[in-house]
Structure formats: C-alpha cells, structure tokens
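Working notes for the structure below.
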Amino acid sequence: MRILIALFALVSLSSCIQQRVDMIVHHAQIYTVDNQFSTAEAMAVQDGKIVAVGTNDAILKEYTSDSVVNAAGAVVYPGFIDAHAHFVGYGQSLFAVDLMFVNSWEEVINRVKDFAAKHPGTSWIRGRGWDQNRFPGKQFPTNEQLNALFPDRPVILERVDGHASIANNAALTIAGIKAGQTMEGGSFVVANGQLTGLLIDNAVGMVEKFAPAVTKEDYKNWLTAAQANCFATGLTTITDCGLHPTAVSMIDTLQQNNDLKMRLYVMLSDHPDSYASSYFTKGGYTTDRLKVKGIKVYGDGALGSRGACLLKHYADQKGWGGFLLSSKAHFDSIAAKLINTDFQMCTHAIGDSANRTILNVYAKYLKGKNDKRWRIEHAQIVHPDDFQYFGKYSIIPSVQPTHGTSDMYWAGDRLGEERMKGAYAYKQLLEQNNWLPLGTDFPVEEINPFKTFLAAVVRKDAKGYPAEGFQMENALTREQTIRGMTIWAAKANRMEKEIGSLEVGKKADFIMLDKDLMKVSADSILKVKVIKTFINGERVH
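If you count the sequence shown from 1, you need to add 162 to reach my numbering.
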C-alpha cells in the first residue's frame, strides 16, 4: 500500500514539474499565420525557436522561465519580411545626400551644397532619391549647376529608382565618358552635342566603378545603421537583391562578429565574379542568419526614367519604347546555367515587353509546373495575354505595393489607359499561384512595412490619395497582405520551414504592435507602432 502511495505521489510531482525555457510570452493576441491563420494567447521559446504555442493557462502551467513577457494584450505577428529590397544600398544611402521627396532641382542643389560643406573630406559626393516627376515641368535635370559648384570634385546623384543618375563633368572626365559614346542597355544623354550628365541604366555603372573603394568600416557603419531603422519598423528578414560576393562576405563577417543581427536572404548579382565565387560554385551558402541561393538578373530599366521595355511606345514619348539591359541570348544563357542547380533565377522586369521576354525564357526551361521558385521581380506591367504564364510555369511574381501608389500620379501618362489595366495588378498576379510575396524595393521606396500594408489593402498613399483608392479591383485582403509580408515572402526565399509564421520548430522572429492590423481603421494604419522586435527570441528593438 505504501508503495502505491509513493508511486502516486511521484507521478503527481512529475506532472507539476514545469519545463524551463528561455522565454515565455503571454496575454498576447498572437497571429500565428499558419495555414488556418489561427490565433493564440501565449508561446514559449527555447534556443531561439518556438517550442509551444497555445492558451495562457496551458503555456504558463507547462513552462517556466526567467524571461516572462506579459504582452498585456499587445498584438504579436511574425517578424515582417521584405521580399525585395536593397539593404546594403539603403545603408549606403544613409551616409549620402538624402534627396528623397525633394520637389525641385534647386532643392537638390541646396542639399548637395549643405552636404559638401559638412563633409569637406569626402572625395566623391554621392546622393540618392531625386525624382524629376516631382519637379515643375517633370523634366530630367542637367549638370550645369553641379559643374559650376564642383568643378574638380566628382558628384554623382542617383535617381530614386536606381536606374538613372546625374553626374558632373568632373566625374564624367574621370570615367572617360565622351559625347556620342554608346553601350548596350544604357545611354549617356547628350543635348546640343554636349553630355548633360544624365546616365540611364547601364551607363550609371560606367561612372560608378571609378568611385573610391568601399572599406570594411564603411560596411559596418552602413549596415548597423540600416538594421536599427529596419528593426524599428518590424522587419526581421530582408531579401537583398543583387549583391557582389565582396558585399556578401562583409555581411557574413559582421554577422559572425554579432555586429549584424538582421536575417538576410541574398541574391548574387548577375556578374562573372558571382558565378566564380564559392557562394555559387559550392551550391549556395547558409548560416543561421544568412542564405545565398539566388541570382539577380536585370531585364530592363524603370518606368519613371523611361527605361522600362514596352511592347508599344511610351504614350508620352512617341518613337521610344525603352530597352532590355541585356540581349535575349544572355537571359537564355543564365537560365540554362541555373536550371540544373538549386539557385533561383530572379529577374527584374518592369515593362510588358521585358516581362514577356523573361516569361518566355523561363517557360523554355521550366516546361510546366515545378518547385524551382524562379521569380520575376516587380512584374509591374504585364500584357493581358501573359498573366497565365506565372501560373502555368509556377513563376513567382515578387511585387512592391508602394510602387503603385508612388507611380499612380504619372504612370497613366507613360502607359495610357489600356495598358494600365495590366499594371500593378496584384490580385491578378496572386490568382496565378494563390500566393504573392510583398516587398518595398527600399531605398527606392521607404522601408516602412505599414505603407506596404496600406498600399496593398487600401491602395492609397500616405496622404490618403486617391480617396476612392487606386485601381481597387486589384486590392488585396488584409489576410493576404499579412501573408505576403510574412509566410509568402519566406516561401519566395525557400525559407518557409524556418520563418514566416509562429509555429513550433520555427525561429522565434516576432514583433509586438500597439494596434491590430487586421482590425485597425484604414486611416490609422500608418499610426500603428512597433513596441518590440525579436529575432531568435532576442529583443533587438
């Protein structure tokens, strides 16, 4: 009898023993973003991964921890994932002349002058963010004022989309650029027989390559500043599109030294150095925070600088239809190189001609439904006949909702009414594969994921324009948008088994918000605040 009593006591004691974990979050409203889009109240984290998700009573009864977070009703989502951005480029822009949202060329000049005065030791003056569509008359600038102010100091100022720049004569001279010089996929704009300083697409690189080499200290300054801003907006994973192997190595070193905690999926740039690097020859590269498994190919330019390749001429520039940045044979050769690897081919395509060209190349090699997850970045203007190819060949359209609300002021002028029906058509694209990754393309757009949410669901910009929403027939639902910013973005990077939802076994990347994006009013979306950001269960903001 005493043996039975002792055995009963032992069983009772063992049932009361709580499992010790690194962290418990409770009294939260947790959106798991699992297949059912279910919600929970609490979760437990151990060794950077989620070990349990459930009710407050269940989690607090079964687990104990020295780190117990009472969310006090705050909303928890998986960490936001930007499916298309330029993390390194954004970091660099934080140490250059900020030309975002300037409304005149005179304002550009004044900002450059102020920057030059504050940084007298900078050999090259660099800036980014100008957009001639915001200027009176919407005309591209020329470099006369830059030449007068900086006759000996090179200046290069990148357009907001990264597909055009304005350079002064000092920079052009260093690069050996001459009036009348031509090249594939780019142009050196000339007026009255003289270079204007305007460089379009591939021409930009012909000058950029003469700028001073980037140092390890530069990378550390850029990327630590960039990640702080990203964490503050709830971003925990960034897809960096098109990096040289040197930049990837710098990222890896910073992460290994724990200076950089941001999780990154990297596409190598379509450059000989990338294919020769160990990142490619060894079949990719993966650590806890870094994954290199894609190649970024450049199909055409941008619509704003009229470099997007269109099937018919621009409505506002007769006789001009843009251009491809490489030959069709080049795109074909890359597809042939990648089809027998695990690397994703990820091609920038804006115009309907560029999209058709790349879709046809992909179709040739993919042949039908597949799980290669080859991507078209932007898929911005698609001919009505071509949407079907995304679904037929399992091609992923990776889109950026804020492009629509940024471009809506002038895109119709470029394209005309009929072509606009296939532009920024996110719902049509979603229907092809029933999932759609969302990003921003920052620093082309702002890093703010809440603007992505607003642009996708309400189809308005930060000013609330237009009142009726932009092409509302292509709006996404709130659930679709959250999925696009989390699990679908992870899936686009072949990372859906690791991140993108708050499920047992996945990395504990999550954020706490003061308001619920699934319920907040449309005019309050941009007022939502990130309370805390966690990566691997570690608070980073």
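Beta carbons are placed, not taken as given, at the ideal position from N, Cα and C, and that holds for glycine.
Give the straight-line distance between the Cα atoms of residue 654 and residue 399, rounded to the nearest whole angstrom.
Using only the alpha carbons, I get a separation of about 12 angstroms.
Beta carbon of residue 403, beta carbon of residue 458: below 7 angstroms?
yes
With DSSP as the reference, identify every bridge partner of residue 352, one or two as the case may be.
357
Between residue 258 and residue 359, what straight-line distance do the alpha-carbon atoms span, to the nearest angstrom?
Roughly 19 angstroms between the two C-alpha positions.
So what's residue 462 in DSSP terms, helix, strand or just coil?
strand
So residue 303 and residue 267 are in contact, right, with Cβ under 8 angstroms, and what is the actual spacing, rounded?
5 angstroms
Could you tell me the alpha carbon to alpha carbon distance between residue 240 and residue 470, rounded to whole angstroms?
Take the alpha-carbon of residue 240 and the one of residue 470: they are about 35 angstroms apart.
Residue environment, residue 408, which counts as buried when at least 16 other CB atoms sit within 10 Å
exposed
On the three-state DSSP scale, how would you describe residue 430?
strand
Who are the near neighbours of residue 677 in its chain, counting only those whose CB is closer than 8 angstroms to its CB and skipping five residues on each side?
Listed in chain order, the non-local C-beta contacts of residue 677 below 8 angstroms within the same chain comprise 237, 686, 689, 690, 691, local neighbours out to five positions each way being set aside.
How many whole angstroms separate the CB atoms of residue 204 and residue 221, which I take to be in contact at a CB cut-off of 8 angstroms?
That belief holds up - the Cβ atoms of residue 204 and residue 221 are roughly 4 angstroms apart, short of 8 angstroms.
Take every Cβ of the region 447–458, pair it with every Cβ of the region 409–429, and state whether three or more of those distances are shorter than 8 angstroms.
yes
Who pairs with residue 247 in a beta bridge, going by DSSP?
402
Based on the DSSP secondary-structure assignment, which residues constitute the bridge partners of residue 560?
539
Look at the alpha carbon of residue 364 and the alpha carbon of residue 191, and state the distance between them as a whole number of angstroms.
48 angstroms
With contact counted as at least three CB pairs below 8 angstroms, one residue from each stretch, are the region 574–591 and the region 539–556 in contact?
yes
CA-to-CA distance, residue 593 to residue 528, given in whole angstroms:
20 angstroms
Distance between residue 218 and residue 431 (C-alpha atoms, nearest Å):
47 angstroms
So residue 694 is in the beta strand (DSSP E); what residue range does that whole segment cover?
692–697
Quick check on this structure: which residue in 598, 442, 278, 327 has the alpha carbon closest to the alpha carbon of residue 406?
For residue 406, the nearest C-alpha among the options comes from 442.
Excluding five sequence neighbours on each side, which residues of the same chain lie with their C-beta closer than 7 angstroms to the C-beta of residue 479?
Within its own chain, the residues whose Cβ lies closer than 7 angstroms to the Cβ of residue 479, once the five positions on either side in sequence are excluded, are 468, listed in chain order.
So if DSSP puts residue 456 in a beta bridge, which residue, or which two residues, is it bridged to?
429, 506
Three-state secondary structure (DSSP) at residue 588?
It is helical.
If you measure between the beta carbons of residue 396 and residue 673, is that distance less than 7 angstroms?
yes
Distance, Cα to Cα, residue 248 vs residue 227?
38 angstroms
Using CA atoms only, rank isn't needed, just tell me which of 670, 684, 679 is closest to residue 187.
670
Quick check: what's the CA-CA separation for residue 109 versus residue 341?
Missing from the structure shown is residue 109; the chain here goes from 163 to 703 and no further.
Answer with buried or exposed for residue 645, where buried requires no fewer than 16 other C-beta atoms within 10 angstroms of its C-beta.
buried
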